[in-house]
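Each remark here refers to the structure printed beneath this line.
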Amino acid sequence: MSALNEDAIEQNLIELLINQGYHYFHRSSLVPNSDNPQRVELDSVVLENHFKSSLEKLNPDLPDTALMETYQQVLSLGS
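Residue 75 is where the sequence shown starts when you use our numbering, and the numbers rise one by one after that.
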């Protein structure tokens with residue numbers, strides 16, 4: 075029986091999500107100064123560009139002001 079620790083749980087979850095069609099990128103490949111920067115800051119939780127485009131895609135009938143307000147509210151939750 076293998077040890078059940080944080081890394082084992084994380085690796086199992088990553089494998090499960092990949093098998094369901096999700097793309098996986100290691101954190102180090104998404105940092106601001108990497109080849110594929112996705113985060114504004116190293117400790118950013120929300121991938122802002124993806125979040126903004128998803129909001130627009132999922133809510134095509136909302137006015138831009140409502141989308142921007144929602145976007146700002148979510149980003150400020152941790153403040």
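We treat Cβ as the ideally placed atom computed from N, Cα and C, and that holds for glycine. These figures come from a predicted structure and were not determined experimentally.
Take Q112, set aside five residues on each side of it, and the residues of its chain with a beta-carbon closer than 6 Å to its own are L104 and L121, in chain order. At the C-beta level, F99 and N86 stay beyond 8 Å of one another. For S128, there are no CB contacts under 6 Å within the same chain when 5 residues up- and downstream are skipped. Each of D138, D135, K131 and V119 was checked against the Cα of V148, and the nearest Cα belongs to V119. The DSSP-derived three-state label of S128 is helix.
Scanning its chain for C-beta atoms nearer than 6 Å, with the 5 sequence neighbours on each side dropped, one finds around L116 the residues V105, in chain order.
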